[in-house]
Structure formats: C-alpha cells, structure tokens
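A quick write-up on the structure given underneath.
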Amino acid sequence: MASASTHLAYTGLRVLDLSQGIAGPYCGQILRQLGAEVIKAEPLEGDWSRRIGLARDGMTAITMAFNRGKRSLACNARHPEGRALLALLAARADIVIQSFRPGVAQRMGLGPAEVRTMNPSVIYVSISGFGQSGPEARRPATDVIAQAVSGMAVTNCAPGGTPATAKPYIADVSCGLYAANAVGAALFARERSPEGVGTHLDLSLLACMAALQNPLLIEHVWRGDAPATAATVPQGLYATADGHIALAAMSDAMFAAIGEVIGQPAWRNDAHMATAASRLAVAGEIDAALRAALPAQTSAQWVAAFTARNVLAGEVRHATQLLDDAQVRHLGLLQPMARPDDPSLPPLPGVALPGIDATHQVPRAPRLGEHTQEILRELRFDDARVAALMQAGVLGPSPPPH
Ligand SMILES: CC(C)(COP(=O)(O)OP(=O)(O)OC[C@H]1O[C@@H](n2cnc3c(N)ncnc32)[C@H](O)[C@@H]1OP(=O)(O)O)[C@@H](O)C(=O)NCCC(=O)NCCSC(=O)C(=O)O
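What follows is the structure, encoded as structure tokens:
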C-alpha cells in the first residue's frame, strides 16, 4: 500500500461541484477522498437525487454514497445574486464540475468559456449523456438510458435473454471514475505547463459505456459474420445443490483438474479438449457435463474442491454478505457513516475508496445547505447579509438542528 502522503495528493485544492445525480457527484467525492475541499452547490430544493429511493430528511443512499465529505451550499442560481455567488466560487476553484444538459451551465453564466475567462487555470469538467457537441448533444440521459442506448443492457444479459441494466449504476459510476482520472491528468498537465493553464474535460455517459465495451467491439469487427463464441470454456455460472458457483478454466491444467474434480478424468487426455481453442468446438459437451455434475454437492463443497486443485471458482453471493465478511473486515473496507438524517440511528456502511488507506477515509455526506453559513463567512459575508440573502430566497435556510 502506498504511503499516506501520496493518498492525499489533492490537499489544498478547491472544487466547486455543481453536479447532481451520481456521475458528477462521484467525481467530486473521489477528489474529496484524495484530499480536496469540495463545495457541493445545490438548488434550494437540493440535488434531485436527494429525493430518489429511500429518502429521509433529504438523505438517500445515493446522497450518502456519492457525496461524502463535501460541504453543502444551498444557492438559487435562478436569482442573479445566486449566480454571482456561484461565479465567485468558480473564480477561486481549481476544479469545477457540472452535469447539466449541455447549454444549461452556459445559461447560468457558468459555462466553460465564462469560468475559464475568470479563472484560466481552472479544470472544468462537463458531464453529459452524449457529449457537449454533435447531433445528440442535447439529449438528456441518466444511467439506465445510457446503458440502453450504448448496448450495455444487451451486453449484460444472458444469450437470448431480455436486456438488463447492470444494477450498480455502472454508466454513472464509471463516468465518475473516468472523470476523476481525467482531472488527475489535467492537474498534472497544469503543473507542467509554464502558464499553469487549465482545461475543459468533456465526459459523457456514452463515452464511458463505449470504453467498457471495447473488447466486445473489437471481437465483433474481427469476427465478421462468424458466430460469437465464449472466450474460454468453461467460464460462467453453474447451479449447485444450494445455489450457484462461478467457474473458469484459464489454462489447460485447470481444465484437466476440473474434469478430475467432477469425475471426468478422461478430459485430461481427450485430443478434442487439449487446447483452449479446441475446447470451444466442444463447448456444449463440456457445459452439459458440468451442469449434470454440479447439482450433486453444495457451492461450498465445490469451491473447496476446485480451489484445492488451483481452479478458479467462487460461490455466488448477495452483496449484503459483504457486510459480514471476514476478508472485507480484515481490509477495513466498510466504515461506519454517521446518519445525518438522525444521528441517534445506528451508522450506515460507507465503502472505502479503493487504494486509499482506511485512516484517510472521509466522513458522511452533508445535509442540504448544512454549510451555507460557514461557506459565506469564509467569503467574508457578514451574518446580516447572509440572513438577508436567505430572506430574499437566494440562499436556502439552514437545516433545523436535530
Ligand atoms: C440528469 C438530467 C437528465 C436532468 O435533466 P433536467 O432535470 O432537465 O436538468 P438539467 O440538468 O438539464 O437542468 C437543470 C436545471 O436546474 C437549474 N439549476 C441548476 N442548478 C441550480 C441552482 N443551484 N439553483 C437553481 N436552479 C438550478 C438549471 O438552470 C436548469 O434549469 P433550466 O435552465 O430551466 O433548464 C440532465 O441533467 C442530464 O442529462 N445530465 C447529464 C448526464 C448525467 O449526469 N445524468 C445523471 C447521472 S445520475 C443518474 O443517472 C441516476 O441517478 O440514475
């Protein structure tokens, strides 16, 4: 594991995060987890994802999972004074993130050109469904739309099955990851450029879905009209006496061992099964033998037997089993997050950012407008002025104390 100092490379950087939903907010959270200070500027009614799914006092699973450690400013950008305040924050930010439909940030006076005029060193991140230009640029999108339109929902389904989106918002989450990655490269380039100039990063959910499916596109063009085959056989999920296991043979030795474990020792010397390529031609036969054999024992028994022979195998579990998993506990992957909606409730599980050691994990997500006064004081607005702006509907009221 890298040392503590490399983990917090972004300490001292300021981020203005105007984004809502998952993709943009996750980018902001990663920057925060790497040490940056992140202001989440929200409309007075809050980021729309504060109202999706289980919701309590403006906190949802999405809010809590993708906004950790940020400070929330409730600011009305429909009011000129609200826009002026956001411009002030953009002018002093190292990084600005927005994920509105293309054109919206420009209407707010906070488009990349406007912000870069005020602040040439800014790294400006635009996240959209389909990119900032081109025939579909204005098309709005959320995760499910991007997974559908990009083909991911078909890629994700069993052959001949019904299209199905991959559940953990992979379009959004991968976009947040790619955006944070691009910000890192842009910061490095800014450090190296003599003038310290920033850049505009244009990320779309479509681009991220395309990136994840690159091997599939290569195979399709390469294969032409020939029918698709598996990459290797066996590789997939098989029913057992009490559930399913995943099984994969990545070498000839593994394949031979699988045969021995399931009572097919002749596979080792079968010329039709000697290489990965030849096994593809008899994939149906191999698959049928596995499907006939595996229901005889439990998943745990099969995984133990295969693992003892160095074969890749794993039991199919529910994600909730991670909550009580010895390895997850050992790695410190789950950290208790206080409940901003009600501190008297037991904490919720916050998953650590991979690659960042447990001592540097950031705390919970903010309540809507929790830090409005604190941020305005830092900008040298006195309390009377803040009260007047709240009265005028420019700033949201402070959330009531618990
Ligand atoms: C998600 C969207 C479809 C939502 O579309 P819309 O509801 O039409 O919102 P838009 O973003 O286009 O515009 C936001 C409007 O809010 C206004 N706005 C923005 N900020 C403020 C503040 N602070 N105060 C007042 N008003 C504000 C802004 O001026 C726009 O109004 P007007 O000026 O009046 O228009 C779109 O934002 C989009 O395509 N985003 C890009 C991709 C993305 O990030 N998708 C969501 C990922 S999360 C996800 O997929 C998921 O959870 O699932």
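According to this note's numbering, the stretch in the sequence shown is residues -15 to 386, in order. From the three backbone atoms N, C-alpha and C, an ideal C-beta is built for every residue, glycine too.
Can you tell which of Ala77, Asp41, Asn60, Gly115 has its C-alpha closest to the C-alpha of Glu21? Ala77
Check: Is it right to say Cys47 is buried, meaning 16 or more other beta carbons lie within 10 angstroms of its own, or is it exposed?
Finding: Position check: residue 47 holds Thr in this sequence, whereas Cys was assumed. Result: buried.
First and last residue of the uninterrupted beta strand (DSSP E) at Met321 | 318 to 321
_the stretch 319 to 331 touching the stretch -6 to 14, judged by at least three CB pairs closer than 8 Å_ = With the rule of 3 Cβ pairs closer than 8 Å, the stretch 319 to 331 does not count as touching the stretch -6 to 14.
I'd like the span of the alpha helix (DSSP H) that includes Gly8, first residue to last.
7 to 17
**Item:** Three-pair Cβ contact test at 8 Å for the stretch 152 to 172 versus the stretch 213 to 223
**Value:** no
Selected residue, minimal CA-CA separation from Pro347, among Gln17, Gly8, Pro9, Tyr10
Gln17
Q) Do Met92 and ligand 1 come close, with the Cβ less than 7 Å from some heavy atom? A) yes
**OP:** Run the proximity test for Leu(-3): is its beta-carbon closer than 7 Å to any non-hydrogen atom belonging to ligand 3?
**Re:** As for ligand 3, it is missing from this structure, which binds only ligand 1.
key: Backbone secondary structure at Val378 - three-state DSSP   = Judged by DSSP in its simplified three-state form, Val378 adopts coil rather than helix or strand.
Which term fits Gly208, buried or exposed, when burial requires 16 or more other beta carbons within 10 angstroms of its beta carbon?
exposed
* Asked: DSSP three-state call for Tyr(-6): helix, strand or coil?
  -> coil
Exercise. Kindly indicate the opening and closing residues of the beta strand (DSSP E) around Asp186.
Key: 183 to 188
Segment limits, beta strand (DSSP E) that includes Ile246: Counting along the chain, Ile246 falls outside any beta strand (DSSP E), and DSSP gives it neither H nor E.
ask   = Taking the alpha-carbon positions, what's the Gln375 to Thr356 distance?
value = 14 Å
Alpha carbon to alpha carbon, how far is Ala215 from His228? Give it in angstroms, no decimals. 20 Å
C-beta contact flag for Gly377 and Ala58 at 8 Å
no
* Asked: With C-beta atoms as the reference, is Pro290 less than 8 Å away from Leu352?
  -> Note that residue 290 is Phe in the sequence shown, not Pro. Phe290 places its beta carbon 8 Å or farther from that of Leu352.
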